[in-house]
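Only one structure is covered here, and it is reproduced in the block below.
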Amino acid sequence: MEFFYRALRKKHHVLMDTNGKPLGGRWNFDGENRNALPDKVSIPQPLVFSEDVSEIIDRIERHKIKYLGNISHSCLIWPTTRQASRHLLNHFLKVCLPQFGQYQDAMTERGWSLFHSRLSFSLNSKMLHPMEVIRAVESYWQANQETISLAQAEGFIRQILGWREYVRALYWAHMPNYQHLNTLSAERALPKFFWDGDTKMSCVAHAVQQSLDYAYAHHIQRLMITGNFALLAGLDPDEVDRWYLGIYVDAIEWVELPNTRGMSQFADGGIIASKPYAASGNYIQKMGRYCKTCHYDVKQRTGEGSCPFNSLYWDFIDRHQSLFESNPRMAFPLKHWKALSDDDKAPIRNTAKHYLDNLDKL
Ligand SMILES: Cc1cc2nc3c(=O)[nH]c(=O)nc-3n(C[C@H](O)[C@H](O)[C@H](O)COP(=O)(O)OP(=O)(O)OC[C@H]3O[C@@H](n4cnc5c(N)ncnc54)[C@H](O)[C@@H]3O)c2cc1C
Ligand code: SF4
10 MEFFYRALRK
20 KHHVLMDTNG
30 KPLGGRWNFD
40 GENRNALPDK
50 VSIPQPLVFS
60 EDVSEIIDRI
70 ERHKIKYLGN
80 ISHSCLIWPT
90 TRQASRHLLN
100 HFLKVCLPQF
110 GQYQDAMTER
120 GWSLFHSRLS
130 FSLNSKMLHP
140 MEVIRAVESY
150 WQANQETISL
160 AQAEGFIRQI
170 LGWREYVRAL
180 YWAHMPNYQH
190 LNTLSAERAL
200 PKFFWDGDTK
210 MSCVAHAVQQ
220 SLDYAYAHHI
230 QRLMITGNFA
240 LLAGLDPDEV
250 DRWYLGIYVD
260 AIEWVELPNT
270 RGMSQFADGG
280 IIASKPYAAS
290 GNYIQKMGRY
300 CKTCHYDVKQ
310 RTGEGSCPFN
320 SLYWDFIDRH
330 QSLFESNPRM
340 AFPLKHWKAL
350 SDDDKAPIRN
360 TAKHYLDNLD
370 KL
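Our numbering numbers the first residue of the sequence shown as 10 and each following residue consecutively.
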């Protein structure tokens, strides 16, 4: 992705100087985009719209149509016109961009969209052109450099010019076979809490409930909470794909499929991502506050009450050891796992087995 992104930066002359070098002397400010959200930082109110959809809801209820999520709001909060989409873009530039980059990986229960743009639906439904959004961010940053650092603008532009274009290219290059890939032979059914958010894992409950309420979760919730859980638990990528395609307002197959099956489930064996996005509870604790109110103990690796992400993470490494052996980016966790004695490994395997056998009760 990094080299693809650099090529597009050059081709379209985005954030480049007149000598063909990246502005600020660096292509990527990713290292500055990984902060957790301090309690003292307030987050903006999301800009929402109020399209009256009560007639549609009446019809859904009258015909007893089964649906996913919450339709009790009689208004649609998402932009449905180009004008409303431009309004959302302007709101993002003024209110969210100044802090977008630094908190783009953060998670919190204090709000549902933090400093994210929520422009994916407008982009995917073609109410906004991606280059229009990129140029708007570039010019807004140029005019406001005293309050907005280059890291914020680059961090945002990378998501659209980099990730969005990259997954689009890979989708068209690898379909139709891509939709059937299942390198990790994952076969478990999706647990019930994916449909109602009813789980004792507070990080998962929050991400699912928010998705049911707003048809939205930001990237790290999708990748490192629900996606990470599905990956560690070995959930069937067909079911995982269907869930992601059904639940999010921006879900259109060309962008949903490579993100879900590839980036988050590693079912493509590494076409999109060079290693699985797998993490134990430690990462979730670092990037958010969920663990403080959770039924499970993030510091505990095994036994009753231990954070399920912990034993499932090591069990995942154990299950796929032979595949990861040839991946240098997995060398560190593999080395750690191999260094454990059989006496240390047994309770991890037992705890993971217990959780995997009782997914619906987590
Ligand atoms: C498992 C999984 C499933 C996903 N499914 C979808 C999907 O169905 N539709 C979708 O548009 N995005 C999807 N994404 C990517 C990303 O999570 C969303 O684009 C983003 O959360 C949308 O919110 P936002 O507009 O506030 O994004 P911001 O954080 O404000 O980012 C700005 C824009 O960058 C683009 N972008 C950022 N990351 C990605 C990415 N990985 N792939 C493509 N575009 C990206 C989006 O257009 C987004 O609007 C998925 C990610 C994961 C991990
Ligand atoms: S303890 Fe584990 S399950 Fe609970 S919120 Fe933290 S990471 Fe999630």
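Ideal placement from N, C-alpha and C gives every residue a C-beta, glycine not left out. If you're wondering where the values come from, they're calculated on a predicted model, not measured in any experiment.
Euclidean distance between Cα positions of residue i and residue j
i	j	result
I293	M233	8 Å
L170	L17	7 Å
L132	G164	18 Å
S122	I229	11 Å
G78	F275	27 Å
L241	D327	11 Å
I80	Q330	44 Å
N186	V264	16 Å
G243	E334	19 Å
G290	V307	6 Å
G278	D114	24 Å
K19	D26	10 Å
L332	P246	18 Å
K301	C316	12 Å
L179	A239	22 Å
L254	D352	42 Å
K30	E41	20 Å
R173	Q151	23 Å
P88	M184	30 Å
S126	K354	43 Å
T269	Y305	26 Å
L85	L159	34 Å
R298	N336	32 Å
F101	Q188	34 Å
Nearest neighbour of residue i, chosen from the options [CA to CA]
i	options	result
F12	Y175, F109, F333 and V264	Y175
H227	A348, Q168 and D351	Q168
R91	G40, I80, F130 and L254	F130
Y374	W252, Q330 and W263	Outside the displayed span of the chain (10 to 371) sits residue 374, for which this structure offers no information.
Y257	A239, Y364, G271 and Q219	Q219
E313	I52, E147 and K209	K209
D48	E118, Y76, K370 and S335	E118
M10	H125, W36 and G29	W36
L46	Q111, N153 and Q188	Q111
R358	M25, T311 and L97	T311
L137	L190, L97 and L159	L97
K75	H363, L349, N367 and W204	W204
S51	F124, Y223 and L32	F124
K295	T269, K354 and M116	M116
Counterpart residues of residue i in DSSP-defined beta bridges
i	result
M25	P31
E60	L85
R197	L244
S315	D306
Extent of the continuous alpha helix (DSSP H) run through residue i
i	result
V307	Element bounds for V307: n/a, residue is neither H nor E.
I166	L159 to I166
N374	Given a span of 10 to 371 for the chain in the structure shown, any question on residue 374 remains unanswerable.
P356	D351 to D366
K9	The structure shown does not extend to residue 9, since the chain is modelled only from 10 to 371, so the question has no answer here.
R144	P139 to A152
V213	S211 to Y223
S129	S129 to N133
K347	A340 to A348
R173	Looking at the DSSP string, R173 is not in any alpha helix (DSSP H), and its letter there is neither H nor E.
P107	L106 to F109
W204	F202 to D205
F333	Q330 to F333
N99	R91 to H100
E262	E262 to L266
Below-8 Å beta-carbon distance, residue i vs any chain B residue
i	result
A242	Of the protein chains in this structure there is only one, and it is not chain B.
Worksheet entry | Cβ pair count under 8 Å reaching 3, the segment 52-61 against the segment 212-220 | The segment 52-61, when compared against the segment 212-220, does not touch it at the 8 Å Cβ threshold.
Practice prompt. Give a yes or no on contact between the segment 129-149 and the segment 181-197, applying the rule of three or more CB pairs nearer than 8 Å.
Written response: Counting Cβ pairs under 8 Å, fewer than three are found: no touch.
Worksheet item: Counting pairs of beta carbons, one from the segment 92-110 and one from the segment 283-293, are three or more of them closer than 8 Å?
Response: The answer is no - the segment 283-293 does not touch the segment 92-110, with fewer than three Cβ pairs under 8 Å.
Practice prompt. Count the C-beta pairs between the segment 342-359 and the segment 314-333 that are closer than 8 Å, then say yes if the count reaches three, no if not.
Written response: Touching, yes, given that three or more Cβ pairs across the two stretches are closer than 8 Å.
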